[in-house]
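Participant:
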DNA sequence: TGTAAATTGAACAAAAATGAACAAAATTTA
DNA sequence: TAAATTTTGTTCATTTTTGTTCAATTTACA
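Chains as they are written, first to last, in our numbering: chain A, 1 to 230; chain B, 1001 to 1230.
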């Protein structure tokens, strides 16, 4: 029994029973209380559990649903609203999409238009669009694994060299007074530049994120041609 | 019993039992603890297992090499040659990879270096490298679904703005007189620029493609620091 | 065949893991 | 509230494991 096995076992016990006492763990695993305590401290640092006086309990901190799950939520309603957004589409347009799962609802409507060119900083959208055999360009720059986005100085430079007809954006928060904002500084900057460079900008966003305000302002809604709440 | 057989056996034991102690492996394989320890270190660097105090356990990290890589991993020759290519690696390097599955053999060796920065025009390599938690930049530009590559005018401009310490390239053909060539014009141009911009360039390629010559010349081998035939 | 490189093991110093002792802090009890 | 009890964290000693270095041996290769 080494450190790793012991900690794995402790985690099993804690997760299956909701919590465990140091004294019990010590007795059942045949290690001193001191060792157990050190284990719990390590595991708490890694966010695996929460330490309390006398032992440890499960860590039920906030967790995020994976992206594929979020896409399944409210499918029907979102489809209808994406249809409304699709009314801004025309043949031959150069279109920018930012990084967002919400925008994926728009993709089916691209099929009916000819000679579109898509630019995006989302690798997920890149793949989906490519599978539809629509030419797609990705901004260059630093890859962020969490959102599947490309951002940073180079992505900004890339965008400044392009003038899309329309930008479809999604963001994290929209305050009551019309302030569109994001919690990621780099992605907020991408959005700002996309709006600057594009003739038209349309915001799509999830109603659930309404009314809040994140650290980095993207723009005010009066700069947008349309705001569609899914 | 040579190094490769021994490591294969160690991996079997670890994978079948979930873990093994150095002292036990030493006794059952009749090798000194020191040798076992060196084996484990090597195998950990390649991501095949996880070392813990006293021994090793199965690698349950979130990063897994793709199946085709793990299936090939025991082909000693490729492993050895990738190892030779890895000798060009140093801490803190800025490295370019072009679009090629061959280069994936090098990835395990990246883990042992600190502060690397990778630039590539391959989305497949981008994903693998990101999963290893190494900062990775993608060139901007047109996406080509077939090879999973980014190329075109913007990718070229992106590359010209960067000066990597070393470029690892793979290509489609290498003629007997040392002409490195490619059948895709855009990707050949990317390679040319990468060589131009990099302090050092190393070619890795599959022996099967040896002796031929494609439409677009990339460079001559005397421009390369090393040519490694897998 | 001789030389360079890789492999291996031994010795020993350095580091990690563990438990015991005890003072400090938290909790319970009176 | 104070005393008693339990739990915690610090420190130190002991044991185990690891890494470094060097020498011997084997292997690769020119």
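The C-beta atom is built at its ideal place from N, Cα and C for all residues, glycine as well.
Tell me the DSSP bridge mates of residue 167 of chain A?
Facilitator: Bridge partners of residue 167 of chain A: A:96 and A:201.
Participant: Thinking just about the alpha-carbon of each residue, which of A:153, A:142 and A:128 is nearest to the one in residue 1143 of chain B?
Facilitator: Residue 1143 of chain B has its Cα closest to that of A:128, out of A:153, A:142 and A:128.
Participant: What would DSSP say about residue 1087 of chain B, mapped onto helix, strand or coil?
Facilitator: Three-state result, residue 1087 of chain B: coil.
Participant: List, in chain order, every chain A residue whose beta-carbon is nearer than 8 Å to that of residue 1130 of chain B.
Facilitator: Ordered by position in chain A, the residues that pass the 8 Å Cβ test against residue 1130 of chain B are 143 and 145.
Participant: Is residue 231 of chain A close to chain B? Criterion is C-beta to C-beta, closer than 9 Å.
Facilitator: The structure shown does not extend to residue 231 of chain A, since chain A is modelled only from 1 to 230, so the question has no answer here.
Participant: For residue 232 of chain A, which residues in chain B fall below 8 Å Cβ to Cβ?
Facilitator: The requested residue 232 of chain A is not part of the displayed model; chain A covers only 1 to 230.
Participant: Assuming residue 1053 of chain B is part of the alpha helix (DSSP H), what are its boundary residues?
Facilitator: Residue 1053 of chain B -> no alpha helix (DSSP H), and no H or E assigned at all.
Participant: For residue 1163 of chain B, which residues from the same chain have a beta carbon less than 8 Å from its beta carbon, with the 5 sequence-adjacent residues on both sides left out?
Facilitator: Same-chain partners within the cutoff: 1094, 1197, 1198 and 1199.
Participant: Determine the burial state of residue 229 of chain A: buried for a count of at least 16 other Cβ atoms within 10 Å of its Cβ, exposed for fewer.
Facilitator: Label assigned to residue 229 of chain A: exposed.
Participant: Just checking my contact of residue 1171 of chain B with residue 1203 of chain B at CB under 8 Å: how many whole Å lie between their CB atoms?
Facilitator: Confirmed, about 7 Å.
Participant: For chain B, check one thing: does any of its Cβ atoms lie closer than 9 Å to the Cβ of residue 242 of chain A?
Facilitator: Chain A is shown from 1 up to 230; residue 242 of chain A falls before or after that span and cannot be answered.
Participant: Does residue 201 of chain A come within less than 9 Å of chain B when only Cβ atoms are used?
Facilitator: For residue 201 of chain A, the answer is no, since every Cβ of chain B falls outside 9 Å of its Cβ.
Participant: So, with DSSP's three-state summary, where would you put residue 1119 of chain B?
Facilitator: Three-state result, residue 1119 of chain B: strand.
Participant: Name the DSSP bridge partner or partners of residue 228 of chain A?
Facilitator: Answer is A:204, bridged to residue 228 of chain A.
Participant: Report back the beta-carbon spacing between residue 221 of chain A and residue 180 of chain A to the nearest angstrom; my notes put them in contact at under 8 Å.
Facilitator: Confirmed, Cβ separation roughly 6 Å.
Participant: According to DSSP, simplified to helix, strand and coil, what is residue 21 of chain A?
Facilitator: In this structure, residue 21 of chain A counts as strand in the three-state DSSP scheme.
Participant: For chain B, find out if any of its Cβ atoms is closer than 9 Å to the Cβ of residue 31 of chain A; answer yes or no.
Facilitator: No, residue 31 of chain A does not count as interfacial toward chain B.
Participant: Taking residue 4 of chain A as the reference, give the member of A:42, A:86, A:22 and A:184 with the closest Cα.
Facilitator: For the residues A:42, A:86, A:22 and A:184, the minimum Cα distance to residue 4 of chain A belongs to A:42.
Participant: Do three or more CB pairs link the segment 132-147 of chain A to the segment 1137-1151 of chain B at distances below 8 Å?
Facilitator: Yes, the segment 132-147 of chain A touches the segment 1137-1151 of chain B.
Participant: Have a look at B:1055, B:1018, B:1045 and B:1213 and flag the residue whose alpha-carbon is nearest the alpha-carbon of residue 1033 of chain B.
Facilitator: Checking every option, the nearest Cα to that of residue 1033 of chain B belongs to B:1055.
Participant: Which residues in chain A sit within 8 Å of residue 1233 of chain B, going by Cβ to Cβ distance?
Facilitator: This structure cannot settle anything about residue 1233 of chain B, because the visible part of chain B is limited to 1001 through 1230.
Participant: Under 8 Å: do the segment 1108-1115 of chain B and the segment 116-125 of chain A share three or more Cβ pairs, one atom per stretch?
Facilitator: Contact fails: fewer than three Cβ-Cβ distances are below 8 Å.
Participant: By alpha-carbon positions, which one of A:1, A:96 and A:88 ends up nearest to residue 156 of chain A?
Facilitator: The option with the nearest alpha carbon to residue 156 of chain A is A:96.
Participant: Just to confirm, is the Cβ distance from residue 1006 of chain B to residue 1060 of chain B under 9 Å?
Facilitator: No, Cβ-Cβ distance for residue 1006 of chain B and residue 1060 of chain B is not below 9 Å.
Participant: So the candidates are B:1015, B:1028, B:1027 and B:1031; which of them puts its Cα closest to the Cα of residue 1051 of chain B?
Facilitator: Of the listed residues, the one whose Cα sits closest to residue 1051 of chain B is B:1015.
Participant: Taking residue 1151 of chain B as the reference, which of B:1130, B:1176 and B:1191 has the closest Cα?
Facilitator: Of the listed residues, the one whose Cα sits closest to residue 1151 of chain B is B:1191.
Participant: Please report whether the beta-carbon of residue 1277 of chain B lies at a distance below 9 Å from any beta-carbon of chain A.
Facilitator: Chain B is shown from 1001 up to 1230; residue 1277 of chain B falls before or after that span and cannot be answered.
Participant: Using 10 angstroms around the beta-carbon of residue 1140 of chain B, count the other beta-carbons present and answer buried if the total reaches 16, otherwise exposed.
Facilitator: When all chains shown are included, residue 1140 of chain B counts as buried.
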